[in-house]
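Only one structure is covered here, and it is reproduced in the block below.
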Amino acid sequence: MTRSKLNQLRWQLQKLRQARRSVRLGSALAVIVGSLLLALLILFGLDRALEMNVVQRVIVMGIAAMTLIWAWRRFAAPWLGNRETMLDMAMMVERRHGIESDLVGALQFETPDAAKWGSPELESAVIDYVADLGGDIDVFDGFDSSPLRRRAIWAIIILVIAIGAVAIAPRHMMTFMKRLALSDDHYPTKTTIESLRIGGVDVDPAEAAKTVVKIGFGQPFDVQVHASGVLPPSGQFSLSGKSGATTLDLLPEETSSDSELKGPYIATLPRLMEPAIYQISLGDAWTDPARIEVMPLPTIETEMSVTPPEYAAGLESDDSASGLQRAVLEGSQVDLQLTSSKPLAVARLHLTIGAETETIELVAADQQRLAWKSPSGETPFSSVAAPIRFELEMQDEDGLSPQFVPRGYLRLKNDRAPQIAASAIHRVVLPTATPVIAFRTSDDYGVASVKLRLKIERGDAELAEESYEMLDSPLKANQLPYSGDFALPLSALKLEKGDRLSVTLEARDWRGRGEGAVANSEPLVLEVSDESGVLAAISEADQRSEEQLTEIIKRQLGIGEAR
-11 MTRSKLNQLR WQLQKLRQAR RSVRLGSALA VIVGSLLLAL LILFGLDRAL
39 EMNVVQRVIV MGIAAMTLIW AWRRFAAPWL GNRETMLDMA MMVERRHGIE
89 SDLVGALQFE TPDAAKWGSP ELESAVIDYV ADLGGDIDVF DGFDSSPLRR
139 RAIWAIIILV IAIGAVAIAP RHMMTFMKRL ALSDDHYPTK TTIESLRIGG
189 VDVDPAEAAK TVVKIGFGQP FDVQVHASGV LPPSGQFSLS GKSGATTLDL
239 LPEETSSDSE LKGPYIATLP RLMEPAIYQI SLGDAWTDPA RIEVMPLPTI
289 ETEMSVTPPE YAAGLESDDS ASGLQRAVLE GSQVDLQLTS SKPLAVARLH
339 LTIGAETETI ELVAADQQRL AWKSPSGETP FSSVAAPIRF ELEMQDEDGL
389 SPQFVPRGYL RLKNDRAPQI AASAIHRVVL PTATPVIAFR TSDDYGVASV
439 KLRLKIERGD AELAEESYEM LDSPLKANQL PYSGDFALPL SALKLEKGDR
489 LSVTLEARDW RGRGEGAVAN SEPLVLEVSD ESGVLAAISE ADQRSEEQLT
539 EIIKRQLGIG EAR
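What the sequence shown shows, in the numbering used here, is residues -11 to 551, in sequence order.
This is the structure we're talking about:
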């Protein structure tokens, strides 16, 4: 006898074994998939209804995981724990068909060890009997696949429900998956909070719980909420701290003529004295509770030093003071220093000069960023040329600014124009004479130059114009007022009788590198004549002097008689 007699039977038993294993694996897989999908659906329903926070989600997911482990052990593990052999299949067929043990015996007699067990004739007889019987045995008689069908139907129903939920609410399901990963995303709502601005700080609504808003102690702050979708007539800004809780209405900034809501929702809190937890509700949308910290405001001390221009050195002392309202000479250098109680992240100086504006970045004077100063180099403060209004912009590392904005004003101190006067003893001169022009000049800070400007007129025409410098060097303030004279040489001018000379003195004050102001004296008019004309003018002057003297004596005598 050969093994080929039982090949057909072995193949049938192997098919039965595979079918039973497929039922077991399928049933276990259906239990696993169905249980997992059911747990996810239940989790989704609870999370959607309760909007659980992270801790609550972790607890619920832990319970769901333990439930899945129990379901695995109770309904799936038993199906995977059995491992059936060919002999197991043979004994099962024997019991169902009443073959006693011949089928098992035939399979065992075909093993290599069968020759050691006993009679070869008995071995051959059993194998032949079973081989003849094998064609009439239906090994699948009594095979039951209903456990697989029941569990597959149950799993498919749950799968269809899950697919339907994804198709109906894909955004909700996407959010649910993120929340399973412990994200703080909210489920989609009819109203969507797009952005928040609290106390000047921009807050991402999805990251509100992770963003700490810092507000200055005792300072008011505004809340601005931008939203889209279905906009309600108002919202709520809830604030709770150690001292209690308060709720402010968020109202739209404006409403259009057709009653459509526009602009952000706004609420204002007059002041905040302690740390608090806030939450915003708008329609069916809301933010996670988040923190507001109360921080001390930076305090600022300012000092401004003024260095007068070179020409005023010694007359205008270098002035340092805390006041920011100052009067300075044109060309003065102004240095600004400030000290903060907290490190500053921003320190700027905003200048207004006439209709123009300019911003200067201040420079940190220490590594702690507590001391700041105006920068070196060319700035409107390095040489003041016009009135300047300015204000300081400062923010500390918490984004807070001082309670009061330091403002200042630099006005130009009045630097008066110089004064000058000229005189001459003789107004009628010879063409070759050298008349002496006496002058007196004064100024508050110094005189840079004095010039004599001479115009020569002949008849109705202007014949020539000459200019003469009357000072060898500038006059400083300690030399003023200054009196001097100048001999005007006429011989080189080729003058003729009848010519007229107009003499004007020009004084320019000293303003260092700047352009000084100019003042002119009253013009002196000199007549050019011959000797007889000069003598006649002298005689006339003497006669006028005599008459004036006689009149003075008469008045004096008249006064004495009255007494």
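We treat Cβ as the ideally placed atom computed from N, Cα and C, and that holds for glycine.
(message) Using a 10 Å radius around the Cβ and a threshold of 16 neighbouring Cβ atoms, would you call Phe392 buried or exposed?
(response) exposed
(message) Would the region 215 to 223 count as touching the region 294 to 301 if we require 3 or more Cβ pairs under 8 Å?
(response) No contact exists between the region 215 to 223 and the region 294 to 301.
(request) Find out if the Cβ-Cβ distance for the pair Val438, Ala507 is shorter than 8 Å. (result) no
(message) Out of Lys178, Gly33, Ala465 and Arg8, which one is the CA nearest neighbour of Arg71?
(response) Arg8
(message) I need the straight-line Cα distance from Lys3 to Asn41, nearest angstrom please.
(response) 53 Å
(request) Ignore the nearest five residues each way along the sequence and tell me which others in Lys178's own chain have a CB closer than 7 Å to its CB. (result) Gly217, Val218, Gly271 and Asp272
(request) Go through its chain and collect everything with a Cβ distance to Glu379's Cβ below 6 Å, but skip five positions before and after it. (result) If we look at Glu379 and ignore the five residues flanking it on each side, its Cβ neighbours are His338, Val393 and Arg395.
(message) Quick check: the Cα distance between Ala452 and Lys464, rounded to an integer number of angstroms?
(response) If I take the Cα positions, the gap works out to 33 Å.
(message) Taking the straight line between their C-alpha atoms, what separation do you get for Leu184 and Lys202?
(response) 14 Å
(request) Would you mind reading off the limits of the beta strand (DSSP E) that contains Arg314? (result) Gln313 to Val316
(request) Given a cut-off of 8 Å, decide if Ala64 and Ile20 are closer than it, judged by their beta-carbon atoms. (result) yes
(request) Say whether the region 353 to 360 touches the region 399 to 416, bearing in mind that this needs 3 or more beta-carbon pairs closer than 8 Å, one atom from each stretch. (result) no
(message) Is it buried or exposed, Gly548, if we count other Cβ atoms within 10 angstroms and call 16 or more buried?
(response) Interpretation of Gly548 is limited by its pLDDT of 48, a score under 50 that renders its predicted location unreliable; no figure is taken from the coordinates.
(message) If contacts are defined as beta-carbon pairs under 8 Å, then Ala475 and Thr422 qualify, I think. What distance do you get, rounded to the angstrom?
(response) Contact flag correct, Cβ pair sits at about 5 Å.
(message) At the level of alpha carbons, what is the spacing between Lys104 and Leu25?
(response) Note that Lys104 has pLDDT 49, beneath the 50 cutoff, so the model's placement of it is unreliable and the number below is only indicative. The straight-line gap from Cα to Cα measures roughly 56 Å.
(request) Please look up how many angstroms separate the CB atoms of Trp274 and Ile268, rounded, as I've assumed it's under 8 Å. (result) 7 Å
(message) Just to confirm, is the Cβ distance from Ala264 to Asp237 under 8 Å?
(response) no
(message) Alpha carbons only, please: which of Lys485, Leu459 and Arg62 is nearest the one belonging to Arg428?
(response) Leu459
(message) Let me make sure I understand the geometry here. Which of Met165, Arg499 and Val491 has the alpha-carbon closest to that of Leu303?
(response) Arg499
(request) For Ala343, count neighbouring Cβ atoms within 10 angstroms of its own Cβ and tell me buried if that reaches 16, exposed if not. (result) exposed
(request) For Leu493, name the three-state secondary structure that DSSP assigns. (result) strand
(request) Quick one: grab the DSSP three-state call for Gly434. (result) strand
(request) Assuming Leu388 and Gly204 form a contact by the criterion Cβ under 8 Å, report the distance between their Cβ atoms to the nearest whole angstrom. (result) 5 Å
(request) Put Met261 into one of helix, strand or coil per three-state DSSP. (result) coil
(message) Taking the straight line between their C-alpha atoms, what separation do you get for Leu239 and Phe209?
(response) 15 Å
(message) Which residue wins for smallest C-alpha separation from Ala405, given the options Ser329, Pro66, Val435 and Leu28?
(response) Val435 is the residue among Ser329, Pro66, Val435 and Leu28 whose C-alpha sits nearest the C-alpha of Ala405.
(request) Over the uninterrupted beta strand (DSSP E) stretch that includes Arg560, give me the two end residues. (result) Examination of residue 560 is not possible in this model, given that the chain is present from -11 through 551 alone.
(request) Report the residue ranges of all beta strand (DSSP E) runs contained in full by the region 447 to 508; include only those spanning at least 3 residues, in chain order. (result) Counting only runs of 3 or more, we get 449 to 457, 470 to 475, 488 to 497 and 506 to 508.
(message) Using C-beta distances below 6 Å, list every residue in its chain close to Gly22, excluding the 5 sequence neighbours before and after it, in chain order.
(response) Cβ within range, chain order: Trp142, Ala143 and Ile146.
(message) Please list the terminal residues of the continuous beta strand (DSSP E) segment that includes Ala143.
(response) Unbroken run through Ala143 is the alpha helix (DSSP H), Ser134 to Ile156; no beta strand (DSSP E).
(request) Can you give me the Cβ contacts of Glu381 inside the same chain, cut-off strictly under 7 Å, excluding the 5 residues immediately before and after it? (result) Val334, Arg336 and His338
(request) Starting from the C-beta of Arg36, find all residues in its chain whose C-beta is less than 8 Å away, skip the five residues before and the five after it, and write them out in chain order. (result) His160, Phe164 and Tyr175
(message) Would Leu136 and Ser15 be called neighbours here (beta carbons separated by less than 8 Å)?
(response) Closer than 8 Å, so yes.
(request) Take the Cβ of Val200 as the centre, count every other Cβ of all protein chains shown within 10 Å, and call the residue buried at 16 or more, exposed below. (result) exposed
(message) I believe Ser509 touches Leu489 by the beta-carbon criterion, under 8 Å. Please report the beta-carbon distance rounded to the nearest angstrom.
(response) With a Cβ gap of about 14 Å, Ser509 and Leu489 do not count as contacting.
(request) Have a look at the DSSP bridge pairing and note the partners of Pro240. (result) Tyr253
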